[in-house]
């Protein structure tokens, strides 16, 4: 009996990408079923699927102590491939197929503006929280501010400025919280913030900046909005990595 | 053939990411600046050109559309491979910094949306 189970696990591990298609497919099916039966479509199926995904990630973290959620369990390693940067980026780009260029041209300025405001707001909100928790040196404050931008910006800013690893870990927490909240909350707040057209999606992407958060949040809101939000969001991390250790650090050093 | 579409999509992504990395190098950032965004622009431009000249066929389109069709499953897999536990265990300060930023940025969406909008331009809906 045990041998039979061993063979089963072996096959599922060997074909882990195929296992991932199966597991994710079932997750999505269950989510749409729950959406239909329990909430009568009020909570969108993809939104429930993302919440289940995040729960699975948490279980994976508890079980393995790793950093890649459920995909740290050998059996489910394929989920890490399916949801990894490579295939995610390929899928994001594919959503741009059929989009008209003039939408970007018309909202270009608002997009750039939202990017800059998004980066500055994140840094300063993060900085204020860091300050209120007792941090007084500009390096730590800027690093935690970077984390409030995205979980990549925090460590990049921190290593450029020479922050302690404890502060860098905190900045990653801030970034992860942001991405998870954007992923799960966007469909619920969408109608209150007018997130129902290409223009506001573009602004939303620029303000939030977390590619995983924006691509997940918009998918659960309206798939047609994805290319617009993703377009601005993909510039965010780069711009924040550029401004963080330079302009923003100098500003924060002037203030504290 | 479907592979033509997938190949076009893949080449666009690669070109975008390479350009994004070069852009990062040029401005002195060790990150990919807008790679996916650049890839999307390239794909939009090429698709528009191909459509105008009638050189894109339905099977080719399917090779691209398949990937947008499985976008949601990919996003679910992405959610399932996030480091959620680290975010929960990371302590109140990190969580507060993240949550506060998200709340403020949500509130800023309608503000900026109104800010740049001229009255003559009707709001576009999908």
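Residue numbers (our numbering), protein chains in the order written: chain S, 1 to 256; chain U, 1001 to 1126. Where is the CB? At the ideal position from N, CA and C, for every residue including glycine.
{"Asked": "Listed by chain order, chain U residues near residue 74(S) by CB distance under 7 angstroms", "Found": "By Cβ distance, chain U contributes nothing, its closest Cβ being about 14 angstroms from residue 74(S), past 7 angstroms."}
{"Asked": "Inter-residue Cα distance where the pair is residue 1031(U) and residue 1114(U)", "Found": "32 angstroms"}
{"Asked": "Pairwise C-alpha distance: residue 1022(U) and residue 1033(U)", "Found": "8 angstroms"}
{"Asked": "Within-8 angstroms CB hit, residue 256(S) to chain U", "Found": "no"}
{"Asked": "Proximal chain U residues relative to residue 227(S), where beta-carbon distance stays under 7 angstroms", "Found": "1040"}
{"Asked": "Supposed close pair residue 73(S), residue 53(S) - CB separation, criterion 8 angstroms", "Found": "Their Cβ separation, rounded to whole angstroms, is 14 angstroms, which puts residue 73(S) and residue 53(S) out of contact at 8 angstroms."}
{"Asked": "Local Cβ density within 10 Å of residue 36(S), reported as buried at 16 or more and exposed below that", "Found": "exposed"}
{"Asked": "For residue 127(S) and residue 117(S), believed in contact at Cβ under 8 angstroms, the rounded distance", "Found": "About 15 angstroms separates the two Cβ atoms, so there is no contact after all."}
{"Asked": "Candidates 47(S), 149(S), 139(S), of which the one nearest residue 250(S) by Cα", "Found": "139(S)"}
{"Asked": "Contacting residues, own chain, Cβ-Cβ under 6 angstroms from residue 178(S) (five flanking each side not counted)", "Found": "210"}
{"Asked": "Neighbouring residues, chain U, relative to residue 208(S) (Cβ below 7 angstroms)", "Found": "1105"}
{"Asked": "Inter-residue spacing [alpha-carbon to alpha-carbon] between residue 50(S) and residue 1076(U)", "Found": "5 angstroms"}
{"Asked": "Beta carbon proximity, residue 1001(U) to chain S, threshold 8 angstroms", "Found": "no"}
{"Asked": "Residue 110(S) vs residue 227(S) beta-carbon contact at 8 angstroms", "Found": "no"}
{"Asked": "is_contact[residue 1067(U), chain S] using C-beta, thresh 8 angstroms", "Found": "yes"}
{"Asked": "Chain U contact residues for residue 191(S), given Cβ-Cβ distances below 7 angstroms", "Found": "None at all; the shortest Cβ gap to chain U is about 11 angstroms."}
{"Asked": "Within-8 angstroms CB hit, residue 165(S) to chain U", "Found": "no"}
{"Asked": "Residue 1014(U) versus 1037(U), 1027(U), 1025(U), 1029(U), residue with shortest Cα-Cα distance", "Found": "1037(U)"}
{"Asked": "Inter-stretch contact (C-beta, 8 angstroms, three-pair minimum) for the segment 1002-1017 of chain U and the segment 1039-1053 of chain U", "Found": "yes"}
{"Asked": "Three-way DSSP call (helix, strand, coil) for residue 1022(U) in this model", "Found": "helix"}
{"Asked": "Length-filtered (4 minimum) alpha helix (DSSP H) runs lying within the segment 1005-1087 of chain U", "Found": "1035-1052, 1058-1069, 1071-1080"}
{"Asked": "Buried or exposed by the 16-neighbour rule on C-beta atoms within 10 Å, applied to residue 1056(U)", "Found": "buried"}
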